[in-house]
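In this note's numbering, the protein residues as written are 444 to 753.
Below you can see the structure in the form of structure tokens.
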């Protein structure tokens, strides 16, 4: 997986310069929310050019989080999380639905397997689309899933074209939620559903609390987000776009209050030494990956600066 980083060298991309420029947008002397919003398309594309291979190596093909039940693996929890969206969206075999910010197609493939529907993946990153198509070919799913390189705030589709839409931790990249959601409202058919998981600030967030601000900053930096918004702001943006919001809830909070034994959504990030997947996310695993990237850079098998993406 790490060897695939050679693509950046073949495309004459200086990973080190790109990684430094990305970090400057968050931690440089001129860093600002307005600056990140003005450069969101470039910022997010550069981010995924750098991290996509690392995501696949360390996390798999579904680039999102999910709460886990005790005894449930990471991949099982991710698939269940996606199946719940498909169930809420009432996707049927005759439907063609949009996947906004589809990544490398992991959720789309799982949802197709469950619901039997067709999926149009929307992505503004060419490399991720190429990876998604390669995976679809491997699993024989080319006939069920297609992809379009387009900005989900300005999609190249006709009105009322799709039977529904979903997004998994993707529209948080949009600088204008109303514009983004209005585009979704425009391209899906009347009466169909738009279901999504969204990164949101909870009511417990205190802007005067230094630790709260630090955590927020790390999330925005780690996920290339211009600015996190509250749940209320996201709901108001949906309503302003024409949607009727039938239900909304804090997924982490719902699981925490469940009588069924469960594990926190961030558990995998903490890593462990009992499984290969856990080892990759452990401090030792992250250290080893970083050192291996440096070795590959030295050997000319990865472009300079690859270790900064890991």
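Using N, Cα and C, we set each Cβ at its ideal position, and we do this for glycine too.
Check	Outcome
Cβ-Cβ distance between residue 544 and residue 604 below 9 Å	no
Those residues which DSSP pairs with residue 687 across a bridge	Answer by DSSP bridge pairing: none, since residue 687 is not bridged.
Under 9 Å between C-beta atoms of residue 684 and residue 624	yes
Cβ neighbours of residue 618 in the same chain (closer than 7 Å, five flanking residues each side left out)	480, 483, 669
Among 638, 512, 635, 459, nearest to residue 698 - alpha-carbon criterion	512
Beta-bridge partners of residue 610, as assigned by DSSP	543, 639
Run of the alpha helix (DSSP H) containing residue 419, from where it starts to where it stops	Absent from the structure is residue 419, since the part of the chain shown begins at 444 and ends at 753.
Residues sharing a beta bridge with residue 588, DSSP	562
Classification of residue 712 by the beta-carbon crowding that lies within 10 angstroms, buried from 16 upward	exposed
Own chain, CB closer than 6 Å to residue 637, minus 5 neighbours either side, in chain order	608, 627
Residue 708 vs residue 509 beta-carbon contact at 9 Å	yes
Alpha-carbon to alpha-carbon, residue 516 and residue 721	Bear in mind that a pLDDT of 44 at residue 721, under 50, signals an unreliable position, so the model cannot answer this.
Bounding residues of the alpha helix (DSSP H) (the contiguous stretch that carries residue 695)	694-699
Element boundaries [alpha helix (DSSP H), containing residue 625]	620-630
Residues of its chain near residue 584, where Cβ-Cβ distance is below 7 Å and the 5 sequence neighbours each way are ignored	552, 555
Those residues which DSSP pairs with residue 648 across a bridge	Answer by DSSP bridge pairing: none, since residue 648 is not bridged.
DSSP state of residue 706 mapped onto helix, strand, coil	strand
Sufficient close CB pairs (3 or more, under 8 Å) joining the region 574-583 to the region 649-663	no
Residue of 519, 681, 644 minimising C-alpha distance to residue 673	644
Residue 678 beta carbon less than 9 Å from that of residue 688	yes
C-alpha distance - residue 732 paired with residue 501, whole-angstrom precision	Note that residue 732 has pLDDT 48, beneath the 50 cutoff, so the model's placement of it is unreliable and the number below is only indicative. Each residue's alpha carbon lies about 10 Å from the other.
Cα-Cα separation between residue 665 and residue 599, rounded to whole angstroms	29 Å
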